[in-house]
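Peer 1: Residues in the sequence shown are numbered from 1 upward in steps of one, following UniProt numbering. Glycine included, every Cβ here is placed at the ideal spot set by N, Cα and C. No experiment lies behind these values; they were computed from the predicted model shown. My questions will all concern the structure given below.
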Amino acid sequence: MVQRIVGLASGMDIDSMVKSMMDAAKQPLIKLQQKQQILEWQRDDYRTLNQKFYDFRSSLTQMKLTAQYRARTTTSSNESLVTATATNVASLSSTTIQSVTQLATTATRVTNNSVASDATNPGIDVTDTLLNQSSNFAANINWSKGAITSTNVTATGTNSLSLNLAGTPLADDSGNVSMNVKVNGKTYKVVTSDVVSDPSQLDDNTVLFTQSSDGTTGTLQFKSAISSGTSVSVEYASETATQNVTLASTDTKTIQLSRKGLATDTTDTFSMTVGDHTYQLDDSGNLYDTADSSIIVGTINGDNGTIQLNDTFYTENPVSDSTPLNVSVTYQQKYTTFSMGAYNSDGEVDHTFFVQASDSLNDVINDVNNSNIGVTMFYDDATGKMSLTRKESGDFNKSGEEIIIPEKTDSSSYNFLSDTLGFGDSTESGGENAKFTINGLTTERTSNSFTINGVSYTLKNTFNTESNPSSPVTISVNNDTDTIFNNIKNFVDQYNDLISTVQSKLNEERYTDYPPLTDDQRSQMTDNQQDQWDEKAKSGLLKGDLTLTSALSNMRSLIYMPVQNANVSSAYNQLSSIGITTSPDYTQGGKLEIDEDKLRAAIENDPDSVENLFRGTGSSTSEEGIVQRLYDSVNNTYNTIVDKAGTSASVNSQFSIGKDLDQISKQIDDMNDKLDDLENKYYAQFDAMEQAIQQYNNQATSLASYFS
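Have a look at this one:
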């Protein structure tokens, strides 16, 4: 870098002189920067217009669909009996329903009596735990003792899954395991080798469970492979639960177990082990040391699953940060299970429900309602009765009941669903198909709403039966002229919007006297002055653009060309014949106008020709409908502009303007380097001049002193 001495000897304003010389030298750089700015503005203009072409292309894609031209409307001669709607696949026709002799009903079971102990004043709190509310039920809850465990296993793409077990899953005398297995909401019936010895005998709704000899792991085997990554939910009951806890301070007085509603009788399995000490429960719920029953180290609250430790515990078991205590608790909780089955459109579905003592009646109801068994459970607090209602109507089990309450193995056995909830002696009602006669054909459906040939019917009531004779109901399917008209009108509006936007850019005035502003020029203007200047500088950058001019010209010619297609009547083979014409105002650039009456008449008189006028296909352009033609043209224009200006996701090397910008950017960098060198050269020259003047001044001073 040249050391700059600014006019000390000469008294000249060297900085100003160098700046003036550099301003002249920078003119080529300024022109490059202005060219760069114009290209960027032009690129942005292209992209803005190309978004319009993209949006119109998307509209054309929609206009290729039959649904745009086959909207249907239906009328019923008696909507209090039958209503109907139609999709675009429905044919234009009339259908007669001569009679409806039976409506489809949902299968329902209602308990015969109140499940509450006081039928006249049911006092069951559905939000409180079943353990607390047990005495308010007419039939006591017979709790089993064990531990309920829930886990998720990720499938690996085979029909076999391995899982770690917290304990041995319990099974009944029939070999059925107290286990739930769910995959994507579907519940499988779990069996052991006592029921299915050969895995090839499994069906699509059954999974085989086997356990390792040490009881720590198990295997689930399905009939078919489960997709890799699928989460498989497993819930089961085992004999006991074991929970390990680490205590690091005497400040910890409470151990919260993961389960509540614990079995805390002295006959129940409960032990807490800390090192060499083992603690069990006495009749009062105290924890005593088995080596000395007089040493009480805490108490247990079975309802909320907490162990409260006292100071004696820490006296027996010293603890510090460096020597924490490892506590192992083995215990049981109170629980019960019940199974239920139902027939629905998926076939027979069975489900086992686990009920923990800490659950409320609401929890049980929600578990049933949220399961895939397809049944809704309900409790009426006014009567104390309960009901089960299948969510689907109809008869899916011709040989029996729709909601299956398993029979008890003997009269002395207990079942929560049958005994406590009272469904054991309930009888089923409903579960019937709708029966009707349509166009002379007597048939039935499982639902009162069904679809035949694109027409969706809803039966509202029975009619024309022996006890209620009445007239048949006629359903008429017609074209929805308003919807089709609006679809075509929207297409025309979007076409006009595109034409107007592009045409305005092509006609935009170009102000060559307003080049892009330099930084120096901007510094001398107000914000408003800059905006006004920029508006003119950006104007007309696409004026007369050949790509856009060609695109509009091609679109206009494709629209005017008749459609020569066998599926289009000669009376409706061009837009003008259905009331769509070009605006007589040439300044509109070929925008379309609609004669609404003429278009509606064409839709009503010959909907097929109108449809194929737009979306017809063919081996040549003349055979293609207008939408097909325009799609190809617009797509080509879009791709051409992308090649020229790219998209917001493009890099400069992918489109022509970007390549030009990269080249100009390199030229600007090179020119800046040259200008830096030139500026340094100027300062070096002035520095040399200053030094020469200073030397001359020194010599002159010396001579003057000599002669004086």
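So with Cβ pairs under 9 Å, would you call N184 a contact of chain C?
Peer 2: The structure shown has no chain C; it contains just one protein chain.
Peer 1: Thinking C-beta only, is V627 closer than 9 Å to F450?
Peer 2: Taking 9 Å as the cut-off, the beta carbon of F450 is found no closer than this to the beta carbon of V627.
Peer 1: Is Q667 helix, strand or coil by DSSP?
Peer 2: Three-state result, Q667: helix.
Peer 1: If you compare alpha carbons, which of D632, V190, N448 is closest to D204?
Peer 2: V190
Peer 1: Is there contact between the segment 558 to 569 and the segment 612 to 622, where contact requires at least three CB pairs shorter than 8 Å?
Peer 2: yes
Peer 1: Can you list, in chain order, the residues of its chain whose CB lies under 7 Å from that of N397, leaving out five sequence neighbours each side?
Peer 2: Y343
Peer 1: Quick check on the burial criterion: 16 or more other C-beta atoms within 10 angstroms. Buried or exposed for T106?
Peer 2: buried
Peer 1: With burial defined as no fewer than 16 other Cβ atoms inside 10 Å of the residue's Cβ, what is the status of Q3: buried or exposed?
Peer 2: For Q3, the pLDDT reaches just 49, beneath the cut-off of 50, and the residue's location in the model is therefore unreliable, although a value from the coordinates is still provided. The residue is exposed, with fewer than 16 neighbouring Cβ atoms inside 10 Å.
Peer 1: Report the CB separation of S328 from T273 in whole angstroms; it is logged as a contact under 8 Å.
Peer 2: Sure, about 5 Å apart at Cβ, within 8 Å.
Peer 1: Please report the residue range of the beta strand (DSSP E) in which I405 lies.
Peer 2: Where I405 is concerned, there is no enclosing beta strand (DSSP E), given that its DSSP letter is neither H nor E.
Peer 1: Using CA atoms only, rank isn't needed, just tell me which of L542, E401, Y46 is closest to G347.
Peer 2: E401
Peer 1: By the 10 Å Cβ neighbour count, where 16 or more other Cβ atoms means buried, how is P516 classified, buried or exposed?
Peer 2: buried
Peer 1: Between the alpha carbons of F423 and A67, how many angstroms are there, rounded?
Peer 2: Their Cα atoms are separated by approximately 50 Å.
Peer 1: By alpha-carbon positions, which one of V473, S293, G579, K260 ends up nearest to N439?
Peer 2: V473
Peer 1: Among N528, H351, E466, I452, which residue has its Cα nearest to the Cα of V89?
Peer 2: Minimum Cα distance to V89 is reached at I452.
Peer 1: Run through the DSSP bridge pairs and tell me what E235 is partnered with.
Peer 2: Bridge partners of E235: S150, N180.
Peer 1: So, is E466 buried or exposed, given that buried needs 16 or more other C-beta atoms within 10 angstroms?
Peer 2: exposed
Peer 1: Cβ of V115 within 9 Å of Cβ of F137?
Peer 2: Their beta carbons are under 9 Å apart, which means V115 touches F137 by this criterion.
Peer 1: With a threshold of 16 other CB atoms inside 10 Å of the CB of T75, please say whether the residue is buried or exposed.
Peer 2: exposed
Peer 1: For the beta strand (DSSP E) that contains F353, what are its first and last residues?
Peer 2: 347 to 356
Peer 1: Counting Cβ pairs, one atom from each stretch, are 3 or more of them under 8 Å apart for the segment 384 to 395 and the segment 309 to 324?
Peer 2: no
Peer 1: Helix, strand or coil for A692, going by three-state DSSP, please let me know.
Peer 2: helix
Peer 1: Can you give me the C-alpha to C-alpha distance between D643 and L506, rounded to a whole angstrom?
Peer 2: If you take the alpha carbons of D643 and L506, they lie about 19 Å apart.
Peer 1: Out of N461, N672, N370, state which residue places its alpha-carbon closest to the alpha-carbon of E79.
Peer 2: N461
Peer 1: Report the residue from K538, S470, Q221, D606 whose alpha carbon sits nearest the alpha carbon of V207.
Peer 2: Q221
Peer 1: Note down the Cα distance separating K64 from I30, rounded to an integer number of angstroms.
Peer 2: 51 Å
Peer 1: How long is the line joining the alpha carbons of G218 and T250, rounded to whole angstroms?
Peer 2: 39 Å
Peer 1: With H, G and I counted as helix, E and B as strand and the rest as coil, what does DSSP make of D425?
Peer 2: Taken through DSSP and simplified to helix, strand or coil, D425 comes out as coil.
Peer 1: Are the beta-carbon atoms belonging to L675 and M22 less than 9 Å from one another?
Peer 2: yes
Peer 1: So I475 packs on A104, CB below 8 Å; how close in whole Å?
Peer 2: Actually they do not touch by this definition, with Cβ atoms about 18 Å apart.
Peer 1: Under the rule that 16 or more other beta-carbon atoms within 10 Å means buried, what is P584, buried or exposed?
Peer 2: exposed
Peer 1: Judging by CA-CA distance, which residue of T240, Y236, T242, S200 is the nearest neighbour of K223?
Peer 2: S200
Peer 1: State whether the segment 145 to 159 contacts the segment 123 to 135, with contact taken as three or more CB pairs (one from each stretch) at a distance under 8 Å.
Peer 2: no
Peer 1: May I have the straight-line CA-CA distance separating P28 from S500, to the nearest angstrom?
Peer 2: Going from the Cα of P28 to the Cα of S500 covers about 38 Å.
Peer 1: Measure the CB-CB distance between G305 and I403 and report whether it falls below 9 Å.
Peer 2: No; because the gap between Cβ atoms is not below 9 Å, this pair is not in contact.
Peer 1: Indicate the three-state DSSP secondary structure (helix, strand or coil) for K681 in the structure shown.
Peer 2: Here K681 sits in helix by DSSP.
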